[in-house]
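Undergrad:
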Amino acid sequence: METSLRRCGRSHCPPGAVPPECLLRQTRLQAVRATLLIPLVARAHGARCYPWLDCLDADAAHLLSCLQSDAETLLQDRLVVLNVLWRTHVLKAWGREFFARHPHAAGVNLGCGLSNHFQWFDNGHNRWLDADLPEVLALREQLLPGQGEHRHNAGIDLSGDGWWDALELDRWAAGAPLWLLCEGVLMYLPPERVRALLREFAQRAPPDSVLVLDAMSHRAIGQSRWSASVGPTGAEFRWGLQHGGELLQAHPRLRQAGMRSVSECYGAAGAAFEALCLPWTGAPLYAMHALRV
Ligand SMILES: C[S@@+](CC[C@H](N)C(=O)[O-])C[C@H]1O[C@@H](n2cnc3c(N)ncnc32)[C@H](O)[C@@H]1O
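This is the structure:
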C-alpha cells in the first residue's frame with residue numbers, strides 16, 4: 307500500500323509540524339507499516355459505524371486529512387473498525403486508572419503509528435514516548451512532532467533485542483513504574499520475538515509497571531488475506547495465542563492485571579459463541595491484556 311503524505315497547512319496543525327501552505331511529501335509505507343492507516347481511520351471516522359464507541363480522538367481525522375488515502379475502503383472492514391474502537395475504550399480506561407495511581411509516571415507507546423494517545427492521559431505531570439520504525443517515525447515527525455521530553459518520538463525496531471536500552475526506558479522510568487502500550491503490533495511479529503519482547507519487559511521494568519497489548523487467537527496466523535483492511539497491505543499475522551496462560555509463561559515476573567475479550571461487544575451471544583469456539587481457538591479471537599510486573 308502506498309501512502310502520500312500531504313502537509314495541509316490547517317491553522318490548528320501541531321506547532322512546528324506544518325508550514326503555512328500545502329507541502330507534499332511522498333512517502334512509501336509497505337506491508338506492516340501501512341497497517342497504521344487502519345486504526346487511524348477507525349479512530350477518525352469509525353463512530354459513523356459505531357456511534358456508542360466513539361473514542362473522541364481529537365487528532366485522528368485531521369491527521370487522516372493530511373494523508374492522501376482512501377478512508378472509505380478501510381471503513382468497510384466493520385469488524386476491524388469495531389475492534390479498534392473497542393480496544394481504544396479499554397486502553398483508555400486502563401491507562402487512566404494507571405495514571406491516577408501514578409500521576410508522575412511515564413507512558414510508552416511501542417509501535418505507535420500515527421496515534422496520539424497522550425491526549426487522553428496528559429495530566430501535566432506525566433511524560434510520553436511514542437516509538438515506531440524509522441520510516442514511520444519520519445512520517446510521524448512531520449505530523450505529530452515531539453514536544454521535548456513531555457511528548458517524545460523515537461525510532462525503534464522491536465524485532466530485535468535491546469529495545470529497552472535503545473529507548474532509554476530506565477531513564478524514562480527513573481525508578482517509577484512505566485505504562486507501556488503495544489497495540490496492533492505483536493500479531494505481525496514472529497512468536498519468538500513476541501516472547502523475547504515480553505521477557506525484556508519483565509526483566510527490565512520497575513515493579514508495578516504495566517504492559518497493555520492486544521492478541522488474536524493463533525487460528526488467525528497466516529489468515530490476513532481474509533481481512534479486507536489488512537490483506538491489501540501485504541502484512542501477515544504471524545503470532546497469536548495458543549491458550550490463555552501463554553503470555554504469563556514468558557517470564558515468572560509477569561502477572562495478569564486485566565483481560566477483556568471483544569466478545570463483550572456482542573453481549574451474551576458473543577460470550578456463548580466464544581465459549582463454544584474456545585476448544586478450537588485456544589484463546590479469544592481478539593482480546594486486550596494487561597500484564598504487570
Ligand atoms: C496496525 S499499526 C498500529 C499502530 C498504532 N499502534 C495504532 O494503534 O494506531 C502497526 C504498527 O506497528 C509498527 N511496527 C510493526 N513492526 C514493528 C517493529 N518491528 N518495530 C516497531 N514498530 C513496528 C508499524 O510500523 C505500525 O505503525
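Per this note's numbering, the sequence shown starts with residue 307, numbered consecutively. Glycine is no exception: its CB is placed at the ideal position from the N, C-alpha and C atoms. Here the structure is a predicted model, which is why all the values come from computation and not from measurement.
#1: Around the Cβ of Arg-354, are there at least 16 other Cβ atoms within 10 angstroms (buried) or fewer (exposed)?
#2: Go through its chain and collect everything with a Cβ distance to Ser-535's Cβ below 7 Å, but skip five positions before and after it.
#3: Which residues end up in the neighbourhood of ligand 1 when you take C-beta atoms closer than 5 Å to any of its heavy atoms?
#4: Indicate the three-state DSSP secondary structure (helix, strand or coil) for Asp-520 in the structure shown.
#5: Per the DSSP calculation, Ala-412 is bridged to which residue(s)?
#6: Using the Cβ count rule (16 or more neighbours within 10 Å means buried), how would you classify Gly-352?
#7: Can you grab the Cα-Cα spacing for the pair Gly-461 / Asp-360, in whole Å?
#8: In chain order, what residues of the same chain have a beta carbon less than 7 Å from the beta carbon of Ser-465, not counting five sequence neighbours either side?
#9: Rounded to whole angstroms, what is the Cα-Cα separation between Leu-439 and Leu-420?
#10: Just to confirm my understanding: we take Gly-537, look at its own chain, exclude 5 residues before and 5 after, and list those with CB closer than 8 Å. What are they?
#11: What are the boundary residues of the alpha helix (DSSP H) that includes Arg-249?
#12: Measuring only the C-alpha atoms, how far is Glu-270 from Gly-430?
#13: Using C-beta distances below 8 Å, list every residue in its chain close to Arg-505, excluding the 5 sequence neighbours before and after it, in chain order.
#14: Tell me the rounded alpha-carbon separation between His-524 and Gly-550.
#15: Which residue or residues does DSSP assign as beta-bridge partners of Gly-564?
#16: For Arg-331, does the count of other Cβ atoms within 10 angstroms reach 16, so buried, or fall short, so exposed?
#17: Under DSSP, the alpha helix (DSSP H) around Asn-389 begins and ends at which residues?
#18: May I have the straight-line CA-CA distance separating Ala-323 from Pro-512, to the nearest angstrom?
#19: Buried or exposed: Tyr-580, going by 16 or more other Cβ atoms within 10 Å of its Cβ?
#20: Residues in the same chain with beta-carbon distance under 6 Å from Ala-596, minus the five sequence neighbours each way, listed in chain order, please.
#21: Closest to Trp-545 by C-alpha separation, out of Ser-569, Arg-393, Glu-455 and Arg-501, would be which residue?
#22: Where does the unbroken beta strand (DSSP E) through Ala-460 begin, and where does it stop?
#23: Distance check for Pro-497 and Ala-589, CA to CA, integer angstroms please.
#24: Could you tell me if Asp-436 is buried or exposed, where buried requires 16 or more neighbouring beta carbons within 10 angstroms of its beta carbon?
TA: Answer, in terms of the structure:
#1: exposed
#2: Ile-344, Leu-380, Asp-383 and Val-386
#3: Val-338, Arg-339, Thr-341, Leu-342, Pro-345, Gly-417, Gly-419, Ser-421, Asp-438, Leu-439, Val-442, Asp-463, Leu-464, Ser-465, Glu-489, Gly-490 and Val-491
#4: strand
#5: Arg-433 and Leu-484
#6: buried
#7: 30 Å
#8: Leu-495 and Arg-499
#9: 12 Å
#10: Ser-530 and Arg-531
#11: An answer regarding residue 249 cannot be provided, because it is not within the stretch 307 to 599 covered by the chain.
#12: For residue 270 there is no data in the structure shown, the boundaries of the chain being 307 and 599.
#13: Ala-556 and His-557
#14: 11 Å
#15: Ala-596
#16: Note that Arg-331 scores 41 on pLDDT, short of 50, meaning its location in the model is unreliable; the coordinates nonetheless yield the value given after this. Exposed is the call here.
#17: 384–407
#18: The predicted model places Ala-323 with a pLDDT of 45, which falls under 50 and marks its position as unreliable; any figure quoted below should be read in that light. Computed Cα separation, rounded: 34 Å.
#19: Per the sequence shown, the amino acid found at residue 580 is Glu instead of Tyr. Burial call: buried.
#20: Trp-400, Val-516, Val-518, Ala-563 and Gly-564
#21: Arg-501
#22: 457–461
#23: 15 Å
#24: buried
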